[in-house]
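What follows is a short report on a single structure.
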Amino acid sequence: MSHLQIFDEHGPEAALLETQDAGVIAAQLATIGVKFERWPTRPVARADDVLAVYAPEIATLTAQGGYQSIDVMGVTPDHPDRATIRTKFLSEHTHAEDEIRFFVEGEGLFTLHEQGRVFNMLCTQGDLISVPAGMRHWFDMGEKPHFTVIRLFVNPDGWVAQFTGDDIAARFPRLEPAHA
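For the working numbering, count along the sequence shown from 1 and bump the result up by 9.
Shown next as structure tokens:
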């Protein structure tokens with residue numbers, strides 16, 4: 010289940026707010042310009058079918074944002090490069106474009122650093138999150154990752170990060186997976 014925790018950027022010990030209410034999550038994230046929606050999920054028989062199954066939603070997002078590149082990324086606990094992939098996303102960074110993800114299955118923790126606060130947003134199956142260009146954030150897929158996401162990019166090269174060099178990500182909670 011989707012779960013939001015908000016912390017003061019200097020106080021990772023105690024959350025200022027904690028909720029699983031999708032409406033409250035969407036409203037809180039909207040205050041910092043982040044779009045959050047819950048979409049109905051559909052069965053997907055094969056990984057190759059993900060884009061076709063969600064074609065209407067992808068078409069709507071593409072029309073709204075002018076996305077040039079759309080792909081599907083999935084990582085499982087037995088993926089041979091899971092540790093390397095996890096490390097790639099764990100440090101605070103920004104992007105020159107919005108970061109849009111729809112969770113087809115599984116979960117991942119987006120952590121957003123904005124306006125003196127840190128927003129730990131556990132995204133799960135059915136969640137759409139759009140992190141605005143320039144927002145400091147990081148992503149944790151956990152030690153035993155399990156997720157499949159649809160990613161949309163304006164840049165045809167896909168995911169391009171600018172790392173901030175701040176070690177803040179190491180001070181805040183990491184993903185504690187629901188899948189053992």
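Positions of the beta carbon are idealized from the N, C-alpha and C atoms, including for glycine.
In this text the structure is predicted, and so the values were computed from the model without any measurement.
- Distance between Val163 and Leu38, taken at the CA atoms: about 22 Å.
- In the structure shown, Phe98 falls within a helical segment according to DSSP collapsed to helix, strand and coil.
- Under the three-state reduction of DSSP, Gln37 is assigned to helix.
- As computed with DSSP, Asp136 is found in a beta bridge with Arg47.
- Rounded to whole angstroms, the separation of the alpha carbons of Leu137 and Thr103 is 19 Å.
- Apart from sequence neighbours up to five positions away, the residues of its chain that approach Gln77 with a beta-carbon distance below 8 Å are Phe162, Val163, Asn164, Pro165, ordered along the chain.
- In the structure shown, Asp175 falls within a coil segment according to DSSP collapsed to helix, strand and coil.
- Using a C-beta cut-off of 8 Å, the stretch 145-155 makes contact with the stretch 103-116, since at least three inter-stretch Cβ pairs fall below that distance.
- No Cβ-Cβ contact shorter than 9 Å links Phe112 with Thr85.
- The beta carbon of Gly42 is closer than 6 Å to those of Pro141 in its chain, skipping five residues each way along the sequence.
- The distance from the Cβ of Thr69 to that of Gly135 is about 16 Å, inconsistent with a contact at the 8 Å cut-off.
- Residues His122, Gly125, Arg126, Val127, Ile177 of the same chain have their beta carbon placed closer than 8 Å to that of Glu18, with the five preceding and five following residues left out of the count.
- Distance between Arg91 and Glu152, taken at the CA atoms: about 8 Å.
- Rounded to the nearest whole angstrom, the C-alpha separation of Ile159 and Met82 is 7 Å.
- Collapsing the DSSP output to three states places Leu60 in a helix.
- Val59 counts as buried, since at least 16 other C-beta atoms from the protein chains shown sit within 10 angstroms of its C-beta.
- In this structure, Leu118 lies away from Leu26, with their beta-carbon atoms at least 9 Å apart.
- Here DSSP, grouped into helix, strand and coil, assigns Arg180 to helix.
- Within the DSSP secondary-structure output, Val158 pairs in a beta bridge with Met82, Phe112.
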